[in-house]
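I have placed the structure first, in the form of structure tokens, so that the comments after it can refer back to it.
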Amino acid sequence: MQQSIFNIKKMNKLNYGIIGKNWGSKIFRILKKLNKNVIYLDIKSPKNYKNIYSYKINVKREILEKSPNIDILWIATPTNFKYFLVEEALNNNLNVIVEKPWLHDEKKTKKIIQISKKKKLQVGVHFEFLYLKQFLNLKNKQLINNKNNLFSGFFNVKKKSHFKKLSAFHELGSHIVAIKLKYFNNTKFKTFKSNYNKKNLRKIIIDSKIKSFSYDFTNNSEKLIQKYIKDFETKLLYKNNYKIDLKFASNVYKCTKYLIKKYG
539 MQQSIFNIKK MNKLNYGIIG KNWGSKIFRI LKKLNKNVIY LDIKSPKNYK NIYSYKINVK
599 REILEKSPNI DILWIATPTN FKYFLVEEAL NNNLNVIVEK PWLHDEKKTK KIIQISKKKK
659 LQVGVHFEFL YLKQFLNLKN KQLINNKNNL FSGFFNVKKK SHFKKLSAFH ELGSHIVAIK
719 LKYFNNTKFK TFKSNYNKKN LRKIIIDSKI KSFSYDFTNN SEKLIQKYIK DFETKLLYKN
779 NYKIDLKFAS NVYKCTKYLI KKYG
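Note that my numbering numbers the sequence shown so that position 173 is 711, with each residue one more than the last.
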């Protein structure tokens, strides 16, 4: 019991650093609501530097200077430099939360896993919709997650993309793929759609010969992000293996890539 109380107190004192100002600003507000200590790292987009070398030098300097005041670094930037940023954070003994999608091959993923295990640090990819109650407490699971059933997923948002080089399938659709792989892996894909500049829609449908099962989760995701944070911190403090690891995120990427070829 004393150990539990100690860990709860310790959890409340965890310090966060954030890289990225667009989505990162929302994460900043949520962490502040949870009474976390949060700082931004002064790392701009690579296009603001003379060259990639200058960008990397700034990253190394900023993480090195700020790391003594950070327990968890939250990386909310475009995909191209996520691997470099995660590796640099681990080299400075920081735990890492990185925004999806994780667009890296098995070789790079394996290397990050090796570094994190060696240093006893935790790396998680942020898939907040895996924390929806209707999936965590799924009723009739055997009936729904059946090889004869068909899975359809839709994820549309009104907003424009912050990342021009990242398709809606990768940025938004990866949530649908993560849900499918985590909870409905036995079903077969029927439809997969994801778009910017359309009416907000987050929905999956499972078609079976008997009936259809529909799950609409279009509402705000802030509480889910809070659940993700709590789960990440709990696993960190009790030194358990984090359940949404990089291997899972890498599989989401591979599956999304395949679906883009098929439906994109």
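All C-beta atoms, glycine included, are put in the ideal place defined by N, C-alpha and C.
Q) Straight-line CA distance for Cys793 to Lys785? A) 12 angstroms
Q: Take the Cβ of Ile577 as the centre, count every other Cβ of all protein chains shown within 10 Å, and call the residue buried at 16 or more, exposed below.
A: Flag for Ile577 reads exposed.
Q: Give the secondary structure of Tyr734 by DSSP, where H, G and I count as helix, E and B as strand, and everything else as coil.
A: Residue state, collapsed to three classes: coil.
Q.
Give me the DSSP bridge partner(s) of Asp745.
A. Leu688, Ser750
Q) Between Lys728, Leu668, Gln660, which lies nearest to Ser492 when the distance is taken from Cα to Cα? A) Past the boundaries of the shown model lies residue 492; the chain is included only from 539 to 802, so the question cannot be answered.
Q.
Check for me: the beta strand (DSSP E) holding Gly558 runs from which residue to which?
A. DSSP places Gly558 in no beta strand (DSSP E); its state is neither H nor E.
Q: State the Cα-Cα distance for the pair Ile650 and Pro639, rounded to the nearest angstrom.
A: 15 angstroms
(Q) Tell me which residues share the same chain as Thr756 and place their Cβ nearer than 8 angstroms to its Cβ, disregarding the 5 neighbours each side in the sequence. (A) Asn738, Leu739, Arg740, Lys741
**Q.** Within 7 angstroms, strictly: CB atoms of Ile744 and Ile798
**A.** no
(Q) Rounded to the nearest angstrom, what separates His809 and Tyr791 at their Cα positions? (A) The question about residue 809 has no answer here: the residues shown for the chain are numbered 539 through 802.
Q | Where the alpha helix (DSSP H) containing His713 begins and where it ends | A | 711-721
Q. What's the gap between the Cα of Ile543 and the Cα of Leu774?
A. Confidence at Ile543 is low in this model, with a pLDDT of 38, below 50, so its placement is unreliable and no value can be given for it.
Q. Which residue from Ile581, Ser732, Phe665, Leu676 puts its Cα closest to that of Lys696?
A. Ser732
Q: Over the uninterrupted beta strand (DSSP E) stretch that includes Asn618, give me the two end residues.
A: It is not in any beta strand (DSSP E) - Asn618 carries neither H nor E in the DSSP assignment.
Q) Is Asn675 helix, strand or coil when you go by DSSP? A) coil
Q.
Once the 5 residues before and after Phe692 are set aside, which same chain residues still bring their CB inside 6 angstroms of it?
A. Lys731, Leu739, Lys741
Q.
For a test of the three-state rule: what should DSSP assign to Phe665, helix, strand or coil?
A. Coil.
**Q.** Asn808 - DSSP class collapsed to helix/strand/coil
**A.** This structure gives no information on residue 808, because the portion of the chain shown stretches from 539 to 802.
Q. Who pairs with Asn491 in a beta bridge, going by DSSP?
A. Residue 491 lies beyond the stretch modelled for the chain, which goes from 539 to 802, so this question has no answer here.
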